[in-house]
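Number of protein chains: 2
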Amino acid sequence: MPLIPPARSLLWRSLRIYQVYGANTEVGKTVVTTILCKGARRFWADEETAYVKPVSTGPATDADDLHIRRFAPEIDTKTLFQYELAVSPHIAAQASGQPIASDEGVLVEVSKAAARQASRGPGWLFVETAGGVHSPSPSGSTQADLYRPLRLPVVLVGDSKLGGISQTISAFESLKLRGYDVDTVLLFREGQFKNYEYLAEYFKEHHDIPVMSFLQPPKRIHNDPNADAEAMSRYYDDTTKTDDNLRDILGHLDTRHQTRISRLESMSTKASQTIWYPFTQQKHLTPDKITTIDSAHSDFFQTLTPATTPPTAPTPTNPPITPQLLQPSFDGSASWWTQGLGHGTPKLALAAAYAAGRYGHVMFAEAVHEPALALAETLLGGMGNARLSRAFFSDNGSTGVEVAVKMALRAARVRYGLEEGGERLGVLGLRGSYHGDTIGAMDCSEPCVFNEKVEWYEGRGFWFGYPVVEYSQGSWRVRWPTEMSDLGGRASVSYDSLSAVFDVENRESGEDGRIYEEFILATLRKLVAQGQKFGALMIEPVVLGAGGMLLVDPLFQRTLVKVVRKNPTLFGDGPSHGDRAGDEKTWSGLPIIFDEVFTGLYRLGRFSAASFLGVDADISVHAKLLTGGLVPLSVTLASESIFNAFASDDKSDALLHGHSYTAHAVGCQVALESLREFQKMDARGDWDWAKAAHERIESVPQRAGSRSPSSNAVWSVWSPEFVSWVGQLPSDFVSGVWALGSVLAIRITSADGMDSYKSSAARSVQTALLQNRQSSGHDGVDNSPGNVHTRVLGNTLYVMTGQTTTRESVQRLEFSLRGAILEAKKGDGI
Amino acid sequence: MPLIPPARSLLWRSLRIYQVYGANTEVGKTVVTTILCKGARRFWADEETAYVKPVSTGPATDADDLHIRRFAPEIDTKTLFQYELAVSPHIAAQASGQPIASDEGVLVEVSKAAARQASRGPGWLFVETAGGVHSPSPSGSTQADLYRPLRLPVVLVGDSKLGGISQTISAFESLKLRGYDVDTVLLFREGQFKNYEYLAEYFKEHHDIPVMSFLQPPKRIHNDPNADAEAMSRYYDDTTKTDDNLRDILGHLDTRHQTRISRLESMSTKASQTIWYPFTQQKHLTPDKITTIDSAHSDFFQTLTPATTPPTAPTPTNPPITPQLLQPSFDGSASWWTQGLGHGTPKLALAAAYAAGRYGHVMFAEAVHEPALALAETLLGGMGNARLSRAFFSDNGSTGVEVAVKMALRAARVRYGLEEGGERLGVLGLRGSYHGDTIGAMDCSEPCVFNEKVEWYEGRGFWFGYPVVEYSQGSWRVRWPTEMSDLGGRASVSYDSLSAVFDVENRESGEDGRIYEEFILATLRKLVAQGQKFGALMIEPVVLGAGGMLLVDPLFQRTLVKVVRKNPTLFGDGPSHGDRAGDEKTWSGLPIIFDEVFTGLYRLGRFSAASFLGVDADISVHAKLLTGGLVPLSVTLASESIFNAFASDDKSDALLHGHSYTAHAVGCQVALESLREFQKMDARGDWDWAKAAHERIESVPQRAGSRSPSSNAVWSVWSPEFVSWVGQLPSDFVSGVWALGSVLAIRITSADGMDSYKSSAARSVQTALLQNRQSSGHDGVDNSPGNVHTRVLGNTLYVMTGQTTTRESVQRLEFSLRGAILEAKKGDGI
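Read top to bottom, the protein sequences are chains A and B. One point on numbering: in this note's numbering, the residue at position 122 of the first sequence is 122, and numbering is uninterrupted. One point on numbering: in this note's numbering, the residue at position 276 of the second sequence is 276, and numbering is uninterrupted.
1) On the criterion of 16 or more Cβ atoms from any shown chain inside 10 Å, does residue 371(B) qualify as buried, or is it exposed?
2) Less than 9 Å separating the beta-carbons of residue 242(B) and residue 125(B)?
3) Can you tell me the Cβ-Cβ gap for residue 405(A) and residue 452(B), rounded? I've got them flagged as a contact below 8 Å.
4) Of all the residues that make up the region 391-405 of chain B, which are near chain A by a beta-carbon distance shorter than 9 Å?
5) To the nearest angstrom, report how far apart residue 831(A) and residue 179(B) are at their CA atoms.
6) Relative to the C-alpha of residue 518(B), which candidate in 563(B), 102(B) and 201(B) has its C-alpha closest?
7) By DSSP, does residue 82(A) sit in helix, in strand, or in coil?
8) At a Cβ threshold of 9 Å, is residue 188(A) touching chain B?
9) What residues from chain A crowd round residue 624(B), counting only those whose CB sits closer than 8 Å?
10) Applying the criterion that 16 or more other CB atoms from any shown protein chain within 10 Å of the CB defines a buried residue, is residue 60(B) buried or exposed?
11) What residues from the region 136-149 of chain B come within 9 Å of chain A, judged by C-beta to C-beta, listed N to C?
12) Would you mind telling me which residues of chain A sit closer than 7 Å to residue 443(B), beta carbon to beta carbon, in chain order?
13) Report the residue ranges of all beta strand (DSSP E) runs contained in full by the region 586-617 of chain A; include only those spanning at least 3 residues, in chain order.
14) Please check if any C-beta of chain B sits within less than 9 Å of the C-beta of residue 87(A).
15) Using only CA atoms, which one of 596(B), 632(B) and 280(B) lies nearest to residue 383(B)?
16) Per the DSSP calculation, residue 136(B) is bridged to which residue(s)?
17) How would you label residue 250(B), buried or exposed, when you count the other beta carbons within 10 angstroms and need 16 or more for buried?
18) Using CA atoms only, rank isn't needed, just tell me which of 544(A), 649(A), 46(A) and 570(A) is closest to residue 604(A).
19) I'd like to know whether the C-beta atoms of residue 483(A) and residue 461(A) end up nearer to each other than 9 Å.
20) Given a cut-off of 9 Å on the beta-carbon distance, is the pair residue 272(A) and residue 285(A) in contact?
21) As a quick exercise: from 448(A), 650(A), 644(A) and 399(A), pick the residue whose alpha carbon is nearest that of residue 441(A).
22) So what does residue 293(B) bridge to, in DSSP terms?
23) Buried or exposed: residue 244(A), going by 16 or more other Cβ atoms within 10 Å of its Cβ?
24) Would you say residue 363(A) lies against chain B (beta-carbon separation less than 9 Å)?
25) Give the residues of chain B in contact with residue 377(A), contact being defined as C-beta atoms less than 7 Å apart.
26) At a CB distance below 7 Å, what residues from the region 147-169 of chain A approach chain B? Give them in sequence order.
27) Could you tell me how far apart the beta carbons of residue 211(B) and residue 196(B) are, in whole angstroms, since I believe they sit closer than 8 Å?
28) Is residue 170(B) closer than 9 Å to residue 187(B) when the C-beta atoms are compared?
29) Rounded to the nearest angstrom, how far is the Cβ of residue 495(B) from that of residue 468(B), given a contact under 8 Å?
30) Counting Cβ pairs, one atom from each stretch, are 3 or more of them under 8 Å apart for the region 669-681 of chain A and the region 324-344 of chain A?
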C-alpha cells in the first residue's frame with residue numbers, strides 16, 4: 001500500500017547506534033566521530049563499525065564521509081543525501097535542482113542503513129548530523145525535530161571555542177526538551193577558554209552526565225595537503241591508540257546501551273511487582289501483558305517488542321532478521337482520551353518549561369497570574385455560551401465534576417430555601433453516565449459495575465433511559481429505550497444521514513420532539529410525586545464515554561434541558577419565580593451541568609459539544625483535551641447566577657474547594673497553547689478534508705448545492721465509506737457503529753449476550769489489532785498495516801485519533817481495522 | 001541590617017528596559033544595541049536613553065561601552081564590572097586578582113543603575129549581556145540564570161553566520177525555559193545563509209515573535225582605524241536615519257512594554273470578574289485585595305506593587321522616587337504548602353520539558369514507562385517502611401486519600417467477611433483532621449466549618465481528641481484534651497525540649513504511654529459496644545495541617561496505631577486470626593493510613609513523617625512536595641496485604657479508580673528529580689546549620705556530649721531563639737508556638753474567643769507582614785525587612801519556607817516577623 005509507515009525508534013540488542021549532534025557547526029563533529037569509529041573498530045575488533053551521514057552539504061570532494069574514508073578506511077561509511085552547495089541543507093537542497101529529501105525519506109533511509117548494519121552482526125553505528133542541533137534539514141524542519149521519531153541516544157560534541165560554553169548548554173537543552181537522552185558530551189581540551197573544565201563540572205552537577213575530552217586536533221595546514229593529512233593521521237593514531245580516555249568513553253557508551261536494554265526488558269516484571277494499576281484486575285496481569293513504553297511521538301507509542309522467534313529459518317537468500325527491540329504502536333485510545341496535539345510536541349514541552357521557569361507553581365487563592373487569567377478568558381470566549389462567566393480551576397475531570405455538584409446543589413438549595421443538612425438533593429442524569437472516580441463524582445451515576453463495589457458509594461438521583469444513535473444495516477437508526485417505545489409505539493427510527501439526526505431544530509417540532517417532551521415530563525412528574533428532590537441536571541453532551549461509548553440522540557438531551565428549564569415549579573420554585581425563565585443567563589428549574597470532560601474541546605470536532613444540542617449549560621466541566629494531552633487540569637465554568645449563590649458575609653458560605661496546585665501555571669500555560677492551537681487549526685480549515693468527505697454523503701437536502709463544508713454539519717475523520725462498510729457487516733458480528741469527530745465506536749455483537757463492562761466480545765478485534773505486529777523486512781522498514789493499541793469498553797471497540805492525526809494515518813488505521821475485524825470475524829466462525 | 005535583600009524584578013512605567021542577549025558571542029550584540037540606543041534617542045528625542053554593560057571582559061580600550069561612546073556619544077553609557085582578560089568572565093574574574101563580582105553584587109548594581117535611570121524621567125535602557133545566553137558570569141553561574149530574578153524582557157540578537165539558525169533557536173529555548181519573555185529577535189540580513197528568512201518564518205509560526213533585521217555592518221578595516229571608524233559611523237547613520245525598520249522595531253518594543261503594564265494593572269479587576277477562587281468568600285474580594293503575580297523565583301513572588309502616593313513631597317536634595325511596579329514578596333505559605341525547591345528552578349523546568357518531549361502523556365493502565373517506575377521505586381525505597389510494596393498514582397492529595405480509603409475499607413471488608421452494600425464502615429481519626437476537598441475525602445473528617453455546608457458530606461467514623469504540643473510561657477507543653485485529663489488528672493505536662501517530647505520510645509514505657517493506651521482502648525471498647533464498625537485508621541502524622549496547624553503528641557499517634565494493631569478482635573477478627581499480628585507486613589486490626597500529603601517528603605525535615613512516630617503505615621499518601629512544588633501528582637503507597645484484597649477472577653473486584661492522566665510522565669519525571677534532589681541535600685548535610693542550632697538547645701541529656709547533629713533529633717530552620725522569643729510573649733497575645741522542619745506556627749490569642757477557621761485573630765500579624773512594603777531608596781535597592789505573603793488558619797499564623805530556603809532568608813524572615821508581631825501587638829493595645 002502507498003501509505004507511509006510510521007517511523008520506528010531504532011534499537012537493536014547487538015548494534016550500538018549513537019547519533020552525533022554538534023553544539024554548533026565547526027566544532028569538530030567529524031573528527032570526534034572519526035575517533036569514535038576508529039576506537040570502536042580497535043576495541044571491538046571482532047565486530048562491525050559503520051558511519052552514516054544522512055545529509056551532507058558542500059562539494060562531495062570535501063564531504064565528511066571522505067574524511068572518514070581517508071583516515072579510517074577500515075570503517076564502512078555512507079552518505080545518504082548529498083547536496084553540492086556549502087550552506088544549510090534547506091538552501092542547498094533547493095539550489096540543487098534534485099528532489100528535496102522529505103523528513104520521512106531521510107528517516108526511512110537512516111532506518112534502512114541501520115537495519116542493514118544490524119543484520120551484519122554485533123557492532124557500532126555512528127550517525128553524524130549536519131551543523132548544529134537546530135540546523136535545518138533539506139525539507140526545512142530542524143534536525144532535532146526531524147530525527148526525533150528515531151530517538152537515538154546522543155553524543156553531543158561540545159564547542160571548545162570562545163562562547164562555546166553557552167552553545168553547548170543551549171544545544172543540550174534543545175535536545176533534552178525534545179526527549180533525547182544525551183549520553184555524553186565530548187569536546188576538545190583547549191587551554192585558553194577552558195570550556196572543558198567548566199562544562200565537565202556543569203554537566204556533572206546539573207545533569208549527572210559525563211563530559212569527556214580529546215586533544216585538540218592539529219591546525220589545518222592549508223598550503224600543504226600532504227603534510228596536513230599526515231598531521232591528521234598522526235593525531236588519529238595518537239588519539240586512538242594511546243588515549244585510555246577513548247576506551248572509557250566507548251565503554252561508557254556501551255554500558256549505557258546495555259543498561260538501557262536490560263532496564264527496558266526488566267520493566268514489565270518490576271512494574272508487575274511494584275505498580276498498582278488503575279482499573280485493572282492484576283491477578284492475571286502477567287508481565288508479558290504489560291506494555292513497556294520507551295517513548296512516544298505524534299500518534300505513536302514506541303514500545304518494547306515482545307520476544308518472538310523468527311517464523312522461518314534463515315537461508316542464504318533470506319538472511320536472519322535481527323529483531324528490532326522497539327516498535328511503533330498507534331495510540332488508539334488517545335491515551336485514555338487525552339491526546340489532541342500528539343505526543344512529544346515541542347510546542348507544549350516548551351510551554352510547560354516556560355511556565356515552570358517563570359512561576360513554578362504559585363498559590364492561587366486571592367491571587368492571579370497571566371496563564372490562569374488568559375486561559376479563563378480563552379475558555380469562556382471559545383464556549384460561545386453567554387451564560388458562563390466564571391472559571392474555577394481544579395486538577396482533573398473528577399474533581400471538576402465534584403466542584404460542579406457543589407456549585408449546583410448549593411444554588412438549588414439557596415433558591416428553593418431548603419435547609420442545610422436536611423434532605424439530600426439528587427441529580428437527574430442519563431443511565432450509563434460516568435463522571436469520574438472520586439466518590440462524590442461516582443455518586444452522580446446510578447449503581448453499575450464501576451461503583452457497586454466502592455465503599456461509601458451511594459447513587460444520589462434518577463437516571464433516564466434515552467434513545468441512542470448508530471449506523472446499522474445500511475442506515476442511521478435512533479433506537480428507543482423500552483420505556484419510551486411504549487409511549488410512541490416505535491422501537492427505532494431510521495434517518496438518511498447522521499446530519500439529519502443532528503438537525504435538532506427541525507426534529508424538535510416533529511413527532512420525536514413531542515414524544516420526548518411528553519416522556520420526560522411524565523417521568524419527572526412521577527418522581528416529584530414520589531417526593532424525590534433534585535438539585536441539578538447533569539449530562540455528558542452527545543456521547544456517554546465510559547458508560548460504553550454511546551451516541552445519545554441530541555434531540556433527547558436538548559429536550560431534557562428545555563423541559564427542566566421550563567418547569568421550575570417541579571423542583572420547588574413557587575409560581576412567583578416563573579419570570580426568571582425569561583432571563584437568558586439565570587438558571588431555571590435546575591442548574592444544568594454539562595460534563596464536557598470527554599466530549600468537549602474538539603474531540604467531536606467542535607470547541608463545545610453543547611453546540612450539537614443547541615442549548616447552553618449553567619455549569620460546564622472541562623479536562624482531558626484541555627491541556628492538549630500533557631498534564632492534568634480541569635476547569636469548571638459557571639454562570640454568575642450560580643456564583644452569586646455563594647456570596648455572603650460568612651466566609652464559610654464560600655465554595656470550600658481548592659487543591660494545592662489549583663490553576664498551576666504549567667497546566668494553564670499548556671492549556672492556553674493547546675486551545676489556541678486547536679482554534680487556529682479550526683480557523684485554518686485543517687479538518688476540511690474530513691468535513692468535505694462527510695459533506696458529500698451527509699449533507700441534508702437543503703444544503704445539497706453548497707460546495708464548502710457547512711459549519712453545522714456533523715463530520716468525522718473516519719471516512720463515511722469505512723463506517724458504512726462496518727455498519728453493513730453481518731448483525732451477528734457487528735451490532736452498530738458510529739463516528740463523530742475523532743471518535744469511532746464499533747459495537748461487536750456479544751456471543752455471550754453480555755452488554756457490559758465485563759463482556760469480552762470486543763477483545764478479539766482488539767487482540768488482532770495489537771498482534772498486527774510490525775514485520776520488518778530486510779531493509780528494516782515496516783511494511784505491515786500497523787500495530788494499533790486500543791482499549792475496549794465491554795463489547796464496544798473504540799478508536800480515537802488525535803486532532804493532528806493526518807488523513808493518511810486514518811486511512812492506514814482503517815486498513816488495519818478492516819484486517820483485524822475480518823480476522824476476528826473468521827475466528828468467530830462467522 | 002547586613003542581610004542581602006531579595007532581588008526585585010525591574011519594571012517602571014516610564015522606563016523601557018530591555019536586556020540584549022546574544023545567540024552566540026560575536027553576533028553583533030554591541031552593534032545592534034548601538035543602533036537601538038541611537039534609534040531610541042532619535043525617535044524619543046525628549047527622553048533619556050542609556051546603556052549598561054554589567055560585566056565586560058577584554059582590555060578596557062576595546063570595551064563595548066567604548067564602542068557606544070564613540071559612535072553614540074549622545075547616549076549615557078556605563079560598564080559595571082570590567083575584567084581585562086578577553087575570555088569568559090568566570091576566567092577573567094579569577095585571573096584579574098580583583099574581587100569576583102557575586103551574582104547578588106551584579107544584580108544590585110544593575111538594579112541601582114536602572115533605578116537611577118528611572119529617576120531621570122521617561123526613557124529607554126538597554127542592558128547588554130556578555131557572550132551567549134549561557135556564557136558564565138564572574139561567579140560561574142550562567143548569565144541566563146544569573147539575571148533571571150530581574151526577568152527583564154529580552155531582545156535576542158540572532159546569529160547570521162553559518163550555523164546561526166541552530167544557535168538562535170537553541171538560545172531562544174534556553175531563555176524561554178527560564179521564564180524569560182523574548183520580545184523580538186534581531187539579526188543582520190545576510191545573502192548567502194539566509195538565516196533571517198528562515199528564522200523570521202520559524203519564529204512567526206512557532207512562537208508568534210517578530211524577527212526583524214538590519215543591514216550587515218561593514219567589514220572591519222583592521223589596518224586603517226580611521227577608515228574603519230568612518231565606515232562604521234556611516235553605517236550607523238544609514239541604519240538610524242533611513243531605516244524605517246528601526247522605528248518599527250522600537251515601536252514594537254514600546255508597545256510590548258506598555259501592553260505588559262496595562263495588562264498587569266488590569267488583571268486583578270479582570271480576575272475579580274472572571275475567576276471563581278478556591279476557599280474564598282468573594283463577596284468582599286475587591287480587586288485591590290487580589291495579588292497580581294508577574295513571576296516567581298526561588299522563595300519570592302514578584303507582585304504588582306499596589307498604587308501608593310510617595311510619603312513626602314520631593315525636594316531638590318530628596319528627588320522624587322519613581323515607583324517600581326513590581327516588588328518581591330516572600331512566599332510564606334510555600335504556595336499552599338507545595339514548594340520545596342523554589343519557584344522557577346531550571347532543573348525542574350527541564351525535567352518537565354524532557355518528559356513532555358519524550359512521552360507527552362502516555363496511558364498507564366497495563367503499561368509502564370521509566371519515570372513512573374523509577375518514581376515508584378524511589379518513593380518506596382525512601383520511605384524505609386518494609387510494609388509498603390505498591391504504588392498507585394493519582395492527581396492530588398484528595399484523590400490519593402480517596403484511593404487510600406477505597407483500599408483500606410475493601411481490605412477490612414474482605415478480611416472481616418462483611419457484605420458489600422451492607423453496613424458502611426467508618427474511619428477512626430483525629431478531631432480536626434483534614435484530608436482533602438473531594439466529597440469522599442471530606443467524609444473522612446468530622447463535621448466542621450470546611451464541610452458542614454457541602455452537599456452530600458457525611459462524616460463517616462469517629463475522631464479522637466488528643467494531646468497537642470506547643471511552646472508557651474517558657475517551656476514545651478503537652479496539653480491534654482478534657483476527656484483525657486479526666487483520666488490522668490492532668491491538663492498538661494511540661495518538657496525541657498521538643499526532642500524530649502519526641503523521645504517516644506522512652507515516654508511510651510512511662511506514665512504518658514500507660515494513660516494514652518488506657519484512654520484509647522477504653523474509647524474503642526465503648527464505640528464497639530455501641531455497634532460502630534470501622535475499616536481504617538487514618539491520621540496525618542505529627543501535624544494536622546488544614547485543621548489548624550496543630551502539633552500532635554507523636555506518642556499519642558504511636559499508641560493509637562499500636563493499640564489498633566494489637567486488638568484485632570475489636571474490629572471483627574476472630575481469635576484465630578490473632579497470629580497475624582506477628583507478621584510484620586500484614587495489616588492487623590485495621591489498615592493504618594498515614595496521610596503524609598502535607599507532613600511527608602522533608603516538610604518536617606525527614607523523608608517520611610512516620611519516622612517521628614516509629615510505627616509504619618499499611619497505606620501512605622503523598623502529594624504536594626512530591627513534585628518539588630511544580631505540578632499536581634499523588635502517589636498512594638500500599639502493602640501487599642492490602643493489594644491482595646483486590647485480587648480475584650472478577651475484573652470488577654479491581655480497584656476501580658484511575659484518572660486519565662494517571663502517572664503522567666511530566667509529573668513523575670519532576671517528582672523523581674525532586675526526590676533525588678531532596679535526598680542529595682539530606683545526604684550532603686544541607687540543613688546541618690539548622691540541626692546544629694537545635695542540637696545546642698534541644699539535645700536530650702544523654703546526647704549532650706555529642707558534637708555532630710544527631711540524626712534522630714528534631715530540628716527546624718526556625719531558630720530556637722526566635723521560637724522562644726515568640727513563646728514568651730504575653731499569653732493574652734500569643735497562646736503558643738512551635739517549629740518543626742520548615743514550618744512555624746504561632747497561635748495568636750483570639751480577642752473574640754473564637755478558635756476556628758472563622759476567627760480573624762491572626763490577621764493583624766498577617767497584614768503587618770504584607771504591608772511591610774519594600775521601601776526602595778534612591779538607589780533602587782530595597783532596605784526594608786521585606787514583604788511576606790502568608791496565609792492564616794483561624795487564629796494561627798504559619799510561615800513555611802521551602803527546603804532550599806537559606807539560613808539568611810530565615811533570619812530576614814524572623815526579623816520581619818518580630819517587627820510585624822510587635823506592630824500587631826501595639827495595635828492590639830497590649
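Cβ coordinates follow ideal geometry from the N, Cα and C atoms, glycine included.
On the basis of the coordinates in this document:
1) Looking at its Cβ environment, which holds 16 or more other Cβ atoms inside 10 Å, residue 371(B) is buried.
2) Cβ atoms of residue 242(B) and residue 125(B): not closer than 9 Å.
3) That pair is no contact at about 16 Å.
4) Going along the region 391-405 of chain B in chain order, one finds 391, 392, 393, 394, 395, 396, 397, 398, 399, 402, 403 and 405 with a Cβ nearer than 9 Å to chain A.
5) Outside the displayed range of chain A (1 to 830) lies residue 831(A), so it cannot be described from this structure.
6) 563(B)
7) strand
8) no
9) 660
10) Classification of residue 60(B): exposed, given that the 10 Å Cβ count is below 16.
11) 136, 140, 142, 143, 144 and 148
12) Within 7 Å Cβ-Cβ: 456.
13) Entirely contained in the region 586-617 of chain A, the beta strand (DSSP E) runs reaching 3 residues are, in chain order, 592-595.
14) yes
15) Closest option to residue 383(B), Cα to Cα, is 596(B).
16) 142(B)
17) By the 10 Å Cβ count, residue 250(B) comes out buried.
18) 544(A)
19) no
20) yes
21) 399(A)
22) 369(A) and 303(B)
23) In the assembly as shown, residue 244(A) is an exposed residue. Its beta-carbon has fewer than 16 other beta-carbons within 10 Å.
24) yes
25) At a beta-carbon threshold of 7 Å, the residues of chain B lying near residue 377(A) are 274, ordered along the chain.
26) 162, 163, 165, 166, 167 and 169
27) 7 Å
28) no
29) 13 Å between Cβ atoms; not a contact.
30) yes
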